[in-house]
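Working notes, beginning with the structure itself.
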Amino acid sequence: MMSEPDYPPALALVNVARRYKEGEGAIEVLRDASFAIEPGQSVALVAPSGTGKSTLLHLAGLLEHPDEGEVYIDGEATSGLPDRDRTRLRRLHVGFVYQFHHLLPELTALENVMMPQMIRGLSKKDAAARGGDLLGYLGLGKRLNHRPSELSGGEQQRVAIARALANAPRLVLADEPTGNLDPKTSDHVFGALTELVHATGVAALIATHNLELAARMDRRVTLRDGQVVELD
Ligand code: ADP
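Taken in order, the sequence shown gives residues 1 to 232; the numbers are from the UniProt record's numbering.
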């Protein structure tokens with residue numbers, strides 16, 4: 001028999017329910033949903049719109065509370081924590097990549113990646129060193145001092161990925177990270193993201209409609225009747 005790994009999953013949902021009020025009643029977006037991602041694992045979330053992808057990402061990122069069940073980040077139960085501690089866990093352990101990069105336009109690529117590290121208390125020197133390493137790894141070593149408006153869409157999105165990983169989170173959550181890029185660029189950005197997942201041991205949950213990209217991830221899951229179901 002295989003022995004159990006001695007580290008906790010980066011993310012675990014256990015018997016999670018999430019409902020929204022709708023008129024007199026409620027719709028149950030997640031019902032008794034359980035799901036875990038191990039460190040270094042990339043998981044594609046492929047499901048039609050309206051089935052609860054954003055809800056799942058928001059629960060995993062501690063931006064919403066489950067109505068039932070528990071969300072664990074790096075083994076820590078989160079539902080009973082005060083908001084201050086949820087914010088701390090989110091800052092320490094979760095990185096977000098959105099469809100639109102949301103970079104700060106007045107800052108350079110490097111400064112955008114330094115920002116979350118400095119908020120966390122790193123010195124400017126250390127933040128610049130790590131930011132430079134990450135951007136270099138993503139092929140942007142010659143673009144450190146460019147502002148977002150001076151970068152291509154794919155380059156901007158790679159800066160956003162570097163920013164999401166800047167504080168070495170346990171979990172990266174992405175919502176259609178290549179949704180507004182052309183196929184070639186999106187392929188490149190996606191490759192960079194999955195390479196970093198494997199290189200750094202971060203876990204990734206990536207919502208995408210792109211089946212070709214999903215096929216390159218370690219696992220594929222969908223949402224069916226409020227549950228997270230493995231595909232393949
Ligand atoms: P997806 O990201 O897959 O498109 P969502 O998680 O955004 O799906 O939404 C799942 C369902 O829950 C949809 O029917 C949506 O209308 C509903 N929903 C999402 N957020 C809210 C909310 N804040 N209040 C009420 N209903 C919501």
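Where a beta carbon is used, it is the ideal one built from N, C-alpha and C, also for glycine. Here the structure is a predicted model, which is why all the values come from computation and not from measurement.
The C-beta distance from alanine 17 to proline 48 rounds to 20 angstroms, too long to fall under 8 angstroms, and the pair is not in contact. For serine 54, there is no enclosing beta strand (DSSP E); the residue is found in the alpha helix (DSSP H) stretching over 53 to 60. Aspartate 232 places its beta carbon 8 angstroms or farther from that of arginine 216. By the neighbour-count criterion, in which 16 or more other beta carbons inside 10 Å mark a residue as buried, lysine 53 falls on the buried side. Rounded to the nearest angstrom, the gap between the Cα atoms of valine 228 and leucine 81 is 24 angstroms. In the displayed model, aspartate 32 falls within a strand according to three-state DSSP. For asparagine 145, there is no enclosing beta strand (DSSP E), as DSSP marks it with neither H nor E.
Sequence-distant partners of proline 116 (beyond 5 residues in either direction) whose C-beta falls short of 7 angstroms from its own C-beta, in its chain, are Arg163, Ala166, Asn167. Secondary structure note for glutamate 70: its beta strand (DSSP E) is the uninterrupted segment 68 to 73. Partner residues in a beta bridge of isoleucine 119, as assigned by DSSP, do not exist. For the 8 angstroms CB-CB criterion, threonine 208 and glutamate 176 form a contact. Cβ-Cβ distances below 7 angstroms link aspartate 74 to Pro8, Ala10, His93, Arg170 in the same chain, with the five nearest sequence neighbours on each side left out; the list follows chain order. Excluding its 5 nearest sequence neighbours in each direction, phenylalanine 100 has C-beta neighbours in its own chain below 7 angstroms: Asn180, listed in chain order. With contacts defined by Cβ atoms closer than 8 angstroms, valine 97 and alanine 192 do not form a contacting pair.
By the beta-carbon neighbour count (other beta carbons within 10 angstroms, threshold 16), isoleucine 119 is exposed.
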